[in-house]
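Student: My structure is below; once you've seen it, I'll send some questions.
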Amino acid sequence: MSTPTAEAESLLSIEIGTIHTRALLFDLVDGQYRFLGASRVLSTYGAPFYDISEGIFQALKQLQDGTARNFLEDSRLVIPGRADGAGIDSLVLTYTAGPGLRIAVLGLLEDVSLESARRLVTSTQGVLVEAIGLNDHRKHEVQVDALLKAKPDLIVIAGGTEKGATRSVGKIIELVSMVLQLTPRDHLPEIMYAGNQAMQKHVTEALSRFGEVQVAPNVRPTIDNEVLAPAQEMLAKTVTRIRNQHLGGLQAYASITSAAPTPSSHAFGRMVRYLSQINNPQKYVLGVDLGASYTTLAAAQEGKLELSVYPLGLGAGLKYALEKSDLAEITRWLPMHIPDDQVRDYLWQKTLFPASIPASVETLAIEQAAARQILNLAVRTHRARYQNPLQSFEPVIVSGSALAQTSPAQTLLMLLDGLQPVGTTTFVLDPYGLTPALGAAAEVNAMLPVQVVESNAFVNLGTVISPLSNARYGTSIMNVRIEYESGEEAIHEIRQGNLYQLPIQPGQTARIHMEPLRPIEIDPMHNADTRSFKVIGGVCGTVIDARGRPLALPADDSRRRDMLKKWAMALGS
Amino acid sequence: MITPVTHLLPLTHLRRDRMLPVKGRVLVSVGSHVNATDIVAEADQDGGHLILDVRRALNFRRMEEAHKRMRYKVGEKVEKGDILAQTGGIIPRVLRAPADGKIIGIYRGQIILETPGGKLEIQAGITGKVTEVLPDRGLVIEGDGALLQGVWGNGKIAVGMLLINDQPPEDELTRATLNVNMRSAVVLAGHVASPETLIAADELLVRGLILASMTADLIETAVKVNYPIILMEGFGRIPLNQAAYNLFSTNEKRDIVINAVWDADRNEKPELFIPLPAQGSPAQDYSELTRGKTVRVTVPPYAGQSALLVAVRPGLTLLANGQRVSAADVQLGTNQVVTVPLANLDVLE
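Protein sequence lines correspond, in order, to chains E and C. Under our numbering, the residue at position 159 of the first sequence is numbered 159, and the numbers go up by one with no gaps. For our numbering, add 573 to where a residue sits in the second sequence, where the first one is 1.
Next comes the structure, spelled out in C-alpha cells:
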C-alpha cells in the first residue's frame, strides 16, 4: 500500500464486481472534485484468467479511450501522476467478487452477543455456516464436529459484556482451540475476537499459536448497547486478507493502492454513515445497492450504521430470491400475463447469464418484478434482524444496474413498491455506482466524497410523500396545493389508492400544502403533523403515493394488472 | 472487450487440472493414460469426532497424570475396545475406545478420536494422458478430441456412446419417447419438461443426457438422478443451436465423456469431450465480439439461436422496452437480421 500524498488530486477507483470490473476517475475541476468518467468490462477473477489484473487492464484501456487521458505506460499503471498529466495520484480498490465467505460465529447469549456477532458478519458477503452460543445444547463433541464440518474461512467470537462473564468466554475459547488443533494447518480459518476485552489477553494466548488473532472492541459492551462500527472495520480488513488468497492479483494491487482494498459493501456503508451525519438526525438515511449476486442495505441515523449484505440479486442472487419467495410474490408485480413456468425459466436462465440484459418488454417486466421482491425481502429481513421498523428514510440512495439502466420513472416505481416507505422521502439515484468508490476514497481524500456528492453525479429522482389513511379506495383524502416560486398556485385532489406526479419540474422549488379531507397521517414514525413542505422537483417531479401501507394489490389478476399499468402511467412510465 | 467463449470445437488439445480441496493422494503417475471415469485422486473426508475425557473417566487429579496414562499417541489408529488409558494399581480401571478410529488430538486430558469418514474421490473427467502430478494435491490431464461446453450440469460424470434421439432436436423427450436403444448410451435430446422423463431415463440406465434445455422446476430431480445431465442452452424451451447439433451429428456413435461438474462462481462450464486419435491445438478461452464471429443469443428472445455477427452498433441502441444498450446486429439461421444487446451474446468457437 502506497502512502497518499498531500497534493494528490486525481483519484482512480477500481471495483472488482462479480460480473464487471469498473474503473472510475475523479479529479479536480475548477478547484472542486468531480467524477469525470467510468469504464466497465467483464471481471476476470474466474476462468480462464483467474486473476483480476486482466480485467483492470482492460477497464483502464477503456477509460483511457473515453477520457483521452493516459493511465498506462508499458501496460502498467502510472502512479503517482506525472507533471505531463499522465497517470493518477491515488488509487483505491473495492471488490464484491468471489464466492461468499464461510463464517462461523460463537457467542454467549442467543439474543445478545450471538445476535450481535450475527449482525456483524452479515455486514459482509458471507454465508453463516455455524452459530454456537451458551444455549446450544448439543454435546461438546457434536459442536466440535459441526465446526469442523462447516469448514469456516473465518471464526468470529463475541461474548461477555465489559466487566461481565469471563468463564463462559473461556469455555468458548477452549472449544475453538480444540477445533483449530484438529484443523489441517493449511486450512486454518482466520480468527476474530470481539468480546469482553478483559479476556483479550487470554484469547490471544490461547489461539495465537494457530495464527494471528484479530482483536476488535467488544460488539456488546453492555447488554443494552451494541457497538458494531469498530468491529466492522476490523472485519473488512480480515475479509480482505482472506480474499487475497481467493482473488488472484488482489495482493499485488494492494501494494499500490493508497488505502487497503476493501469490500464494496463496507465502503458503501461508510458513505451512508457519513451522509447520516450531515442529514436530518430524526430520520434514517437508507442506501440500497441491488447487484447481481448481492444486495447491500445500509441504514444509518446520526452516524450509527446498520449494514446488511444479502445473497439476493438479479444474477446469481436470483437463486436465493427464488428459494426464499413464492413465485407469486414475483409474478404479482407483472403488468401483463406471462405463464409462471416462463417466468421461472427466465429467472433461472438469468442465473446462468447474469450479465445479460432484458431485451424485450416481457423480460424487462420479469426482472423488474424480481427486483421489487428482492428489495422487499431485503428490507423485511433487515427489519427483523435489527428489530427496526425502518419505514421512514431521508434520503434513499440507490445503485445497481437494474435500477440505473431503466427510465427514472420505472426506477422510482420499483423502489416505492419494493421499499414501501412512509412519510416524506427523497430518492436519489447513483447511476454510475459511485457510492462505494466514494466510501473508499474517503480514507485517502476526505474532501473528494463531500464535493462529488454535491455535484450532479447523483440524480434526484424526486421527493415522495406517502400519506396513510384508512379511507376506501377512490375516496378523496386531501387536496394538495402547490405554491410555485413565481407565486402561481395549483391544486390537486388526492384519492386513496392512487399515485400522483405533481407538476414540479426538475430543480424547480415549490412549497406544497396538504389540506386533509379525511384523517391522514403524513409521518406516523415521527408523529410529525407538518402539512407544508418545501420541495425541489426531481426528474420524476414530486410524487404523492396514496396507495397505503402495506401496499395491497387486487387479488383478481386482471384488476391487478390494470392497477399496475395505471400506477406506471401516473409516473409517466 | 473480452467476451465469454463457449467452445464447440471439432478437434482441440484439452488441458484440465484436477485438484483435491484438501491434502490427499494422487493415484496415477505422469505418463499414465486415464479414462474420464477413473478415480485419479482421493482424500479422506472428516469423520465424526468423539471426545473422551480421560481425566474425568479415570478420576485423575491432574491433567498431566491423564496424559501419562494414555497408551496411544496422536496419529495412531485404534479399534473398538482397545484400551486407550489405564490407572495403576492391582485392579486398574480402563478407558476403552468406543469405536474404530484414529487419535487426532490430545488436549487437556482428553483424547479426540476421529471415526472413519468417507473418501472424497476425484474423477479424471476427460480421457487422456497425465502430464503433471502435484504430490498430495492433484494432477493435470491432457487429451485431444472434440469439445462442447454446456451451460448447466448436475455435477456427475460418465462415459458412453453418443446417441442422437431420432426426434427433431427441438422436440420434448418424454417417458414415451425413451426407448431401449438408449440404455447405456449418452443421449442427445431436445427439451425435458417432466420429472417422470428424468426418472424413467434413470430406470432405463442411460449413461447420460445431453439436453438443449429443461424446465427449471426439474432442477431438484435432475440433481438427484444417478446419471449426468448437461444443458447446452439452459432453462426454458430453448432449441439446440445449430452449430452444436452439427458437431454432435458428426460424432454420433463415438464414445463421449459427459462431465457435468462445473463451478459457476469461477466461470467454469460443464463439458462434453469426445476423444479422437488426432492431434489438436489448444483453443483460446476468450474472444472479442467482431464482425463475422459466430455467436449465440443466450437469453430470450432468440435464446439458443446461433448467428453471424453482422456489425457491432456504435454508441447505445434504444431497445423496444426503452433500455439503451450496447448492441450488435446478428444474422440468425433464418437469414433474419436482429439487434441483440452485446451482453446477451457469447462467442461460439
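Each residue gets a CB set at the ideal place from its N, CA and C atoms; glycine is no exception. Note that the structure is predicted; figures quoted are calculated from it, not measured.
Tell me whether E/ALA546 is buried or exposed, calling it buried when 16 or more other Cβ atoms sit within 10 Å of its Cβ.
Tutor: buried
Student: What does E/PRO263 pair with, by DSSP beta-bridge criteria?
Tutor: E/TYR95
Student: Going by C-alpha distance, which of C/PRO887, C/LYS653, C/PRO873 and C/VAL920 is nearest C/GLU687?
Tutor: C/LYS653
Student: If you compare alpha carbons, which of E/THR351, E/PRO99, E/GLU110 and E/TRP333 is closest to E/ASP153?
Tutor: E/PRO99
Student: Determine the chain E residues that contact C/TYR680 at a beta-carbon separation under 7 Å, and present them in chain order.
Tutor: MET178 and GLN181
Student: Answer with yes or no whether the minimum CB distance from C/ARG839 to chain E is below 9 Å.
Tutor: yes
Student: Residues in the segment 792-820 of chain C with C-beta within 7 Å of chain E's C-beta atoms, listed in sequence order?
Tutor: GLY807, PHE808 and GLY809
Student: Drop a sphere of 10 angstroms on the beta-carbon of C/LEU581, count the other beta-carbons inside from all chains shown, and report buried for 16 or more, exposed for fewer.
Tutor: buried
Student: E/PRO335 and E/ARG561 look like a contact to me (Cβ under 8 Å); what is the Cβ gap, rounded to whole Å?
Tutor: 5 Å
Student: Using the Cβ count rule (16 or more neighbours within 10 Å means buried), how would you classify E/ASN225?
Tutor: exposed
Student: Which residues in the same chain have their Cβ closer than 7 Å to the Cβ of C/LEU849, if we skip the five residues on either side of it in sequence?
Tutor: LEU584, ASP717, GLY718 and ALA719
Student: Is the separation between the beta-carbon of E/LEU461 and that of E/VAL539 shorter than 9 Å?
Tutor: yes
Student: With 16 as the cutoff for other CB atoms within 10 Å, does E/THR5 come out buried or exposed?
Tutor: Because the pLDDT of E/THR5 is 44, which lies under 50, any placement of that residue in the model is unreliable, and the number read from its coordinates should be weighed accordingly. Exposed, by the Cβ-count rule.
Student: Mind checking which residues open and close the beta strand (DSSP E) that includes E/LEU305?
Tutor: 304-310
Student: Contact between the segment 732-752 of chain C and the segment 811-823 of chain C: three or more CB pairs below 8 Å?
Tutor: yes
Student: In this structure, how does DSSP classify C/ARG681 when only helix, strand and coil are distinguished?
Tutor: coil
Student: Might you give, ordered along the chain, the residues of its own chain that have their beta carbon closer than 6 Å to the beta carbon of E/ILE504, omitting 5 neighbours on each side?
Tutor: Cβ within range, chain order: ALA510, GLY537, GLY541 and THR542.
Student: Verify whether the separation of the beta carbon atoms of C/LYS842 and C/VAL724 is less than 9 Å.
Tutor: yes
Student: According to the Cβ coordinates, are E/VAL428 and E/VAL398 closer than 9 Å?
Tutor: yes
Student: Identify the residues that DSSP records as bridge partners of C/ARG869: which are they?
Tutor: C/SER879 and C/ASP919
Student: Is C/HIS622 close to chain E, meaning its C-beta is less than 9 Å from at least one C-beta of that chain?
Tutor: yes
Student: I'd like to know if C/ARG886 contacts chain E, where contact means its C-beta is closer than 9 Å to some C-beta of that chain.
Tutor: no
Student: By the DSSP assignment, the beta strand (DSSP E) with C/LYS702 in it spans what residues?
Tutor: 701-707
Student: Bridge partners for E/ASP562 per DSSP, in chain order?
Tutor: DSSP lists no partner for E/ASP562.
Student: Give the single residue among C/GLY661, C/SER757, C/VAL603 and C/GLY621 whose Cα lies nearest to the Cα of C/GLU705.
Tutor: C/VAL603
Student: Please list, in chain order, the residues of the segment 326-344 of chain E that have any C-beta partner in chain C closer than 8 Å.
Tutor: ASP341, GLN342 and ARG344
Student: Starting from the C-beta of E/GLU7, find all residues in its chain whose C-beta is less than 6 Å away, skip the five residues before and the five after it, and write them out in chain order.
Tutor: Any reading at E/GLU7 must be qualified, since the residue scores a pLDDT of 48, below 50, and its modelled position is unreliable; the value itself is stated next. The answer is none, since no qualifying residue turns up.
Student: Please compile the residues from chain C whose C-beta is within a distance smaller than 9 Å of the C-beta of E/GLY126.
Tutor: Chain C residues near E/GLY126: none, gap ~14 Å exceeds 9 Å.
Student: Can you tell which of C/GLN852, C/LEU657 and C/SER767 has the C-alpha that lies nearest to the C-alpha of C/ILE792?
Tutor: Among C/GLN852, C/LEU657 and C/SER767, the Cα nearest to that of C/ILE792 belongs to C/SER767.
Student: Hey, is C/ARG897's beta-carbon within less than 9 Å of any beta-carbon in chain D?
Tutor: Included in the structure are the protein chains E and C, with no chain D among them.
Student: For chain C, find out if any of its Cβ atoms is closer than 9 Å to the Cβ of E/GLU7; answer yes or no.
Tutor: Any reading at E/GLU7 is ruled out, since the residue's pLDDT is 48, under 50, leaving its predicted position unreliable.
Student: Specify, as a first and last residue, the run of the beta strand (DSSP E) that E/GLN587 falls within.
Tutor: Residue 587 of chain E is absent from the model: chain E starts at 1 and stops at 573.
Student: Would you identify the three-state DSSP class for E/GLN245, choosing helix, strand or coil?
Tutor: helix
Student: To which residues of the same chain is C/MET643 closer than 8 Å at the C-beta, ignoring the five residues directly before and after it?
Tutor: VAL627, LEU657, ALA658, ILE679 and ILE684
Student: For E/THR351, decide whether its Cβ has a neighbour in chain C, counting only Cβ atoms nearer than 9 Å.
Tutor: yes
Student: Near C/PRO689, what residues of its chain come up, given a Cβ to Cβ distance below 6 Å and the 5 sequence neighbours on each side ignored?
Tutor: GLY620
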